[in-house]
Structure formats: C-alpha cells, structure tokens
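The opening residue of the sequence shown carries number 1155 in my numbering; numbering runs sequentially from there. Where is the CB? At the ideal position from N, CA and C, for every residue including glycine. Quick caveat: nothing in here was measured; it's all calculated off a predicted structure. First up is the structure itself, then whatever we jot down about it.
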Amino acid sequence: MVKHQDLFGLENKVAVLTGAASGIGFATAELLAELGSNVIILDIDEEKGKVATEKILAKGGEASYFKCDVTSSSDCEMAIKEIETQFGRIDILFNNAGVIRRRNVVDLEEKDWDLVLDVSLKGAYLLSKYAIPVMAKNNGGSIINTGSGWGLKGGNEAVSYCAAKAGVVNLTRAMAIDHGKQNIRVNCVCPGDTDTPLLRDEANQLNEEENAFLVSSALGRPIERLGTPRDIANAVLFLASDLSTWVSGTVLTVDGGGLA
Ligand SMILES: NC(=O)c1ccc[n+]([C@@H]2O[C@H](COP(=O)([O-])OP(=O)(O)OC[C@H]3O[C@@H](n4cnc5c(N)ncnc54)[C@H](O)[C@@H]3O)[C@@H](O)[C@H]2O)c1
C-alpha cells in the first residue's frame, strides 16, 4: 500500500502562503499542514493571520504567521530573510493574496487600479524575486500563483482584476521558462467563484443582495454550485506535491466547468 505521505512528498516541506489568513489561502495552509508541511502564513491582516495560525496549531499542524504586505518590496524581502533564517529553506510558495474592485474603466479610481494590480501581480513578482534564490539553494521547489477564470476571459465591471489576473497567468508561464533549470516549477490555479469573504464583498461593491448574488454566481456551471476553498486547495495540493513533478507553466482551471 502506498502511504499518502510518500505520494505527496509534503512532509517537513516549508510552504509559504500569501493571503492565507482567509479563504482559499487558509484552506490550502490547513491542507498542506495536515499532510505534514510546515506552513508560513503571510498576510496583511495580523489579527486574522494569528487566528488562522492558532487554528492549524490546535489541530497539531506546524504553522507560523508573518505580517507582510505583498505590495511592499521591503516587507517581502524581510519576510523571506526571516523565513530563511528560521527554517533554512523554502519548498513551496503560494502567491495567492488578492483583492477585487468591481468597477468599469470609467468609474475605477486610479488608486484602485494600482491596488488590484499591486496585490495580485506585483505581489507575486516581489515574493518570487526574494524566494526563488532560497528555493534554488535547496534543490528547487514549486510556486503556485492564483489567477482566476477572469484571467482567461473578460468579466463585467472588474477591469483592474481581469488585467491583473491575465498578467498572473502569463507571469506564470514566463517564470516557468526562466526557472526550470533551478528545478523550480511554476504553475497557476484559476478558481471560479468560490465562497470566501472576497466573493461576498463583491455583492456589496455591486450593491446586490449577498445571497442572491451567491446563487446567481453558482448558476450555469456544469457542476452547478459555488466552489469551496477546499476545492481550490485540493488543486493547489496537486501542484505543490510530488504528484506534479513534471508539470510546469500550466494553468489549472477549477470552476465546476464554468469556462467549458
Ligand atoms: N473567491 C473567489 O471567487 C475567487 C475566484 C477567483 C480567484 N480568486 C483569487 O483567490 C485569491 C484568494 O482570495 P479569496 O477568495 O480566498 O479571498 P479572501 O478575501 O478570503 O482572502 C484574501 C486574503 O488576502 C489578504 N491580502 C489582501 N491584500 C494583501 C496584501 N497587500 N498583502 C498581503 N495579504 C493581503 C487578505 O487579508 C485576505 O486574508 C485571490 O487572489 C483572489 O483574487 C478568488
């Protein structure tokens, strides 16, 4: 019988996850910790980050929290330096922090254009910039970037988000080409509508009733429901683990068939 620990190869791996105080990032941190990885939660929200870490520790997992604004070069550099000092290596990087602004190009304020691009796209660049040399010193690793279905097609009233996520998709491919020689795989997971605080906040931004918005977001998919954070975490698990050792530069859409 194959043991799942051997199949996934995640035991004692050091996994750094951004935006992991909540939603998809937290579900992924929980899952990787369940499979034996030491998870490091990077998030701008200190209160939620500490609660998330405590939850994983309470279940017997290994977890720590570092406050990090992924749009800040100095925060990213310091976090990676500290992680290298404390843990000696980085095996997995999940660039997942994101925010959304539901506005068209006329109504969107410039600061919100910058914020959405900076968190999703620049954040993935900055963390990777500092983490890759550490990964490379220890025989490589796996980077997973969070895109979106709206990185692959357009969506209404979300111009900065669609632009940022399309950027994340092609950043992934370019990084995969550059860092394969260091045995670093780079892949992208593209979730469809998943029940997290970010999705619920979209209802508020669009002045729609939250439950009606969630119901309408689930409609029209072959698997007709919203995604759960765990649905997305399972896909990230595959890309982080030894099950995908020859998968790089790819985009894995996880959306109940919505884009089919
Ligand atoms: N929920 C969905 O329907 C959906 C669909 C497609 C893609 N995504 C993407 O999934 C990712 C995770 O989103 P989620 O739905 O779990 O949302 P979420 O709001 O539950 O989690 C996002 C996390 O990112 C953190 N964050 C925001 N700005 C940050 C910054 N500057 N630095 C560090 N951390 C920061 C937040 O504090 C929060 O903990 C995002 O990239 C999002 O765009 C979500």
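Residue 1378 sits exposed, since fewer than 16 C-beta atoms from the chains shown fall within 10 Å of its C-beta. When the beta-carbon positions are compared, residue 1195 and residue 1183 come within less than 7 angstroms of each other. For residue 1161, the three-state secondary structure derived from DSSP is helix.
Shortest gap from the CB of residue 1268 to any heavy atom of ligand 1: 6 angstroms or more. Taken in chain order, the complete beta strand (DSSP E) segments of 3 residues or longer contained in the segment 1272-1333 are 1295-1300. Look at residue 1198 here: in three-state DSSP terms it is coil, with no helix or strand label. Each of 1410, 1407 and 1389 was checked against the Cα of residue 1179, and the nearest Cα belongs to 1389. Taking a C-beta distance under 7 angstroms as the contact criterion, residue 1224 and residue 1172 qualify as a contact pair. Residue 1250 holds the alpha-carbon nearest to the alpha-carbon of residue 1274 among 1216, 1250 and 1228.
Under DSSP, residue 1339 shares a beta bridge with 1296.
As a beta-bridge residue in DSSP terms, residue 1220 pairs with 1196.
Excluding five sequence positions before and after residue 1403, the CB atoms of its chain that fall closer than 6 angstroms to its own CB belong to 1327 and 1330, given in chain order. Pairing residue 1290 with residue 1240 gives a Cβ-Cβ distance that is not under 7 angstroms.
Cβ neighbours of residue 1267 within its own chain (closer than 6 angstroms, five residues either side excluded): 1314. In this chain, residue 1156 is not harboured by any beta strand (DSSP E), its DSSP state being neither H nor E.
Closest in alpha carbon position to residue 1192, among 1320, 1247, 1401 and 1351, is 1247. A heavy atom of ligand 1 is found nearer than 6 angstroms to the CB of residue 1175.
For residue 1352, the CB falls within less than 6 angstroms of some heavy atom of ligand 1. Judged by DSSP secondary structure, residue 1390 falls within the alpha helix (DSSP H) whose first and last residues are 1383-1394. In this structure, ligand 1 has a non-hydrogen atom nearer than 6 angstroms to the beta-carbon of residue 1273. Secondary structure note for residue 1414: it is in no alpha helix (DSSP H), with a DSSP letter that is neither H nor E. The Cβ atoms of residue 1189 and residue 1164 sit closer than 7 angstroms to each other.
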